[in-house]
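Its first residue numbered 50, the sequence shown is counted upward by one per residue in the numbering used here. One structure is given here, and the rest of the page talks about it.
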Amino acid sequence: MRYFHLLLVLSATLLTGRGDRVWSADVEVVTGGLMASEGGDWKPESSPLTAPFGVAFDRANTMWIVELEGGRVHALSADGVLRQAGGDGSRSYRGDGGPLQQATFDGMHNCAVLPNDDLLIADSWNHCIRRVSAETQTITTIAGTGKRGFSGDDGPATQATFDFVMCITLNPQATIVHIADLNNRRVRALDLRTGLVRTVAGNGQKGVPVDGAAAVQAPLVDPRAAAEDSAGRLYVLERGGHALRLVSSDGLIRTVAGTGRQGFADGPALQAQFGSPKHLCVGPRDRIYIADDQNAAIRVYDPQTQQVSTVLGRGFGDQRIRLKNPHGVTVHNGWLYVVDMGNNRILRLAIPE
């Protein structure tokens, strides 16, 4: 099946909360089309994707797509051919030791690709991380037991337990997998060199961390996603906390964006407001792109200016686009990819280096 590439190409000027011009970009449809409200005839129910949640790219520029509700893994080749690579739509945990094509999943939230093109999958409601060999297409579990719980810190990740693995991201060296362990209210780190897992933020209690506290001793509201920038700083996004936290290289945590109250406001980061943000990624110049779910918008936090601005949605960027529950955001080859989950489509827009 071929996707509808470059169906939408519209110039859009993006502004910061202060009204300064940042860049001019085009929005393109990668899979899907324009909704009726956007001047097209796209219907989400006609999509080959069912609630896509996360995407990642390999060296051949194949886009790997995981579905939350569809329970399938798809591969979209650089020349536009979409194929179902794994999962049969059932909510189950099967297939380890066999081919990806025969594996099953439950509530996948996102994925990542290693430098050797192995695929990592956050099999969220199976409370584990699974790895697919690029060479053999064999799938194995590399973290978690398939049962929910909290155990195993400082030991083998395959013996540890998690409680909803909501996000996995690689550090810049691709040696560490950062894990948003949602219901355990922790961010954990899997060292791919040793296979050991440890906690890097959160003490398991629910609460807003005090600025300057040791991250591993601080409470968290609900860590939904985490990602490390080029300087080794770990960003933690909290959906119910409506905030972005930062764990510095010395292990201290502080809030860098958001008031903690749900709303929508651009501007100085600590005065900005979010609406149940779900996912984030690190872009050029260590800007943090955020899928702001309930605001139906894509936001960006600039650590240099300490400003939050809106890239797409709510009348910003291409004013015709109407996002619905955006989830995945991924930067690849100068493009920001947006998984518009509620519309069963994937968009992209050029971003500045």
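We put the CB at the ideal spot given by N, CA and C, even for glycine.
Asked	Found
If you draw a straight line from the C-alpha of V349 to the C-alpha of P317, how long is it?	12 angstroms
Output the distance between the C-alpha atoms of G362 and G383, rounded to the nearest integer angstrom.	20 angstroms
Indicate the three-state DSSP secondary structure (helix, strand or coil) for E402 in the structure shown.	coil
Please look up how many angstroms separate the CB atoms of I191 and A171, rounded, as I've assumed it's under 8 angstroms.	With 8 angstroms as the limit, I191 and A171 do not qualify as a contact, their Cβ atoms being about 12 angstroms apart.
Put S95 into one of helix, strand or coil per three-state DSSP.	helix
Using DSSP's beta-bridge definition, name the partner residues of L131.	L125
Who are the Cβ neighbours of A223 in its own chain at under 7 angstroms, not counting the five residues just before and after it?	L163, P164
Helix, strand or coil for T80 per DSSP?	strand
Output yes or no for whether 8 angstroms exceeds the beta carbon distance between S96 and N374.	no
In whole angstroms, give me the CA-to-CA distance for R397 and Q254.	37 angstroms
If I'm right that G103 touches V387 with Cβ under 8 angstroms, what's the distance once you round it to whole angstroms?	That belief does not hold up - the Cβ atoms of G103 and V387 are roughly 11 angstroms apart, past 8 angstroms.
Who are the Cβ neighbours of A124 in its own chain at under 7 angstroms, not counting the five residues just before and after it?	T111, W113, R132, A134
Who are the near neighbours of G281 in its chain, counting only those whose CB is closer than 7 angstroms to its CB and skipping five residues on each side?	S298
Can you give the Cα-Cα distance for A85 and T187, rounded to whole angstroms?	42 angstroms
So what does K255 bridge to, in DSSP terms?	L269
Find the nearest neighbour of V181 within the set G144, R197, F199, A340, judged by alpha-carbon distance.	G144
Out of V122, S126, L117, point me to the one whose CA is closest to D107's CA.	S126
Is the CB-CB distance between N344 and G324 below 8 angstroms?	yes
Excluding sequence positions up to five away, which residues of its chain have a Cβ less than 7 angstroms from the Cβ of A314?	Q320, A321, Q322
Bridge partners of D341, per DSSP?	P326, A346
Where does the unbroken beta strand (DSSP E) through S358 begin, and where does it stop?	356-361
Please state whether the Cβ-Cβ distance between L231 and M215 is less than 8 angstroms.	yes
Drop a sphere of 10 angstroms on the beta-carbon of Q208, count the other beta-carbons inside from all chains shown, and report buried for 16 or more, exposed for fewer.	exposed
Could you check what DSSP says for L231 in three-state terms: helix, strand or coil?	helix
Is A340 closer than 8 angstroms to V285 when the C-beta atoms are compared?	no
Who are the near neighbours of A105 in its chain, counting only those whose CB is closer than 6 angstroms to its CB and skipping five residues on each side?	W113, C160, A161, V162
Alpha carbon to alpha carbon, how far is G89 from G251? Give it in angstroms, no decimals.	45 angstroms
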